[in-house]
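See below for the structure under consideration.
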Amino acid sequence: MTMTELPRIDRIRHDTRRRTLTVARTERLTPHMIRLTLAGPDLEGFHSAGFDDHIKLFVPKDGGEAMRDYTPRRFGPEGLVVDVVDHPGGPAADWARTAVAGDTLTIGGPRGSKVIGGPIDHWLLVGDETALPAIGRRIEEAPAGTAITAIVAVPSAADEQVFETKAALSIRWVHRDAAESHRAEPMMAALEAVTLPPRTFAWIAAEAGVARALRDRLVERGLPREWTAAAGYWLRGVADSAVKDL
Ligand SMILES: Cc1cc2nc3c(=O)[nH]c(=O)nc-3n(C[C@H](O)[C@H](O)[C@H](O)COP(=O)(O)OP(=O)(O)OC[C@H]3O[C@@H](n4cnc5c(N)ncnc54)[C@H](O)[C@@H]3O)c2cc1C
Numbered sequence: 001m002t003m004t005e006l007p008r009i010d011r012i013r014h015d016t017r018r019r020t021l022t023v024a025r026t027e028r029l030t031p032h033m034i035r036l037t038l039a040g041p042d043l044e045g046f047h048s049a050g051f052d053d054h055i056k057l058f059v060p061k062d063g064g065e066a067m068r069d070y071t072p073r074r075f076g077p078e079g080l081v082v083d084v085v086d087h088p089g090g091p092a093a094d095w096a097r098t099a100v101a102g103d104t105l106t107i108g109g110p111r112g113s114k115v116i117g118g119p120i121d122h123w124l125l126v127g128d129e130t131a132l133p134a135i136g137r138r139i140e141e142a143p144a145g146t147a148i149t150a151i152v153a154v155p156s157a158a159d160e161q162v163f164e165t166k167a168a169l170s171i172r173w174v175h176r177d178a179a180e181s182h183r184a185e186p187m188m189a190a191l192e193a194v195t196l197p198p199r200t201f202a203w204i205a206a207e208a209g210v211a212r213a214l215r216d217r218l219v220e221r222g223l224p225r226e227w228t229a230a231a232g233y234w235l236r237g238v239a240d241s242a243v244k245d246l
């Protein structure tokens, strides 16, 4: 493969400012996913160009404030939609679990977007429930006919989601207990069954050790590293510990 055939990653910077928003709606989307719709005049000028962008949520912690990364799942007339995984022991998840319409939430960002393009013929999207908002957004935003294979690990069939898409989508849901989300094996087994046609771009996000193991295996199978993007969306046992570029 020549250099000209590499995927292109365009970096876009945005003006960052804090926006104070109102929770317009909360919904238990699936047993482990809380959907928040945020609204308010402060959303004016909000822009998110990349499906794996992130914003900061400022949530209460020990009488102060903590910042955590979340994906702008959708932005439109109804407001800004954010999907929060319900896991134990984190201030962001704790806040989302008890949020009700009318609550106030401050967000920041996205500071920038990485827009992935170029000569990609097949997208491979692999992730756990924290990656599901980005994966869902990519699937829904993809132009008609885009070839996408997705592998998503969730605790049960009830945690699966349905996407409206014109993409040529093949999705494989992997079920494993939420307490096992730091283990690579369940997703690895599903990944082994996926073929890697030429010009496959693999996007991976999960617990950092899991994401690294999945990416390393794809590279071992012959996928050039430049045709992969892997991120640790969280790190087992460590608060606020994303590894955005593995
Ligand atoms: C670019 C990016 C986009 C992201 N988008 C989303 C998103 O749209 N939705 C979403 O839910 N998450 C998303 N995440 C992951 C989210 O930022 C982390 O899960 C974050 O740690 C949650 O904060 P917390 O306050 O709930 O827990 P923390 O205080 O950060 O962590 C407390 C404890 O919980 C553990 N932990 C953290 N997350 C999980 C989890 N999911 N499952 C099990 N244990 C966990 C930690 O290891 C730690 O031991 C994203 C991360 C990145 C980097």
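The numbers in the numbering used here rise by one with no breaks, and the one at position 31 of the sequence shown is 31. Glycine included, C-beta positions come from ideal geometry on N, C-alpha and C. None of these values were measured; they are calculated from a predicted model.
Taken in chain order, the unbroken stretches of alpha helix (DSSP H) that lie wholly in the segment 199-233 and span 4 residues or more are 208-220.
Under the criterion of beta carbons closer than 8 Å, arginine 138 and leucine 125 qualify as touching, at roughly 6 Å. In terms of CA proximity to proline 155, Arg183 leads the group Arg183, Ser113 and Ala242. Each residue's CA atom was taken as its position, placing glycine 79 and glutamate 226 some 35 Å apart.
A straight line joining the alpha-carbon of lysine 61 with that of alanine 150 spans about 35 Å.
Annotation for alanine 242 indicates a beta carbon within 8 Å of some heavy atom of ligand 1. Counting only runs that start and end inside the segment 57-115, the alpha helix (DSSP H) elements of at least 4 residues fall at 91-98.
Its Cα nearest to that of alanine 208, the residue Asp245 stands out among Asp245, Pro197, Glu220 and Thr195. The C-alpha of alanine 147 lies about 45 Å from the C-alpha of glycine 64.
Relative to ligand 1, histidine 14 has its C-beta separated by 8 Å or more from all heavy atoms. With contacts defined by Cβ atoms closer than 9 Å, leucine 235 and leucine 218 do not form a contacting pair. Segment contact: the segment 5-15 against the segment 93-111, three or more CB-CB distances shorter than 8 Å; contact assigned.
Glycine 50 is a Cβ neighbour of isoleucine 116, given a cutoff of 9 Å.
Taking 8 Å as the upper bound for CB-CB distance, isoleucine 204 and alanine 242 are not in contact here, some 14 Å apart. In the three-state scheme derived from DSSP, where H, G and I count as helix and E and B as strand, glutamate 44 is classed as coil. For aspartate 159, the three-state secondary structure derived from DSSP is helix. Look at isoleucine 120 here: in three-state DSSP terms it is coil, with no helix or strand label.
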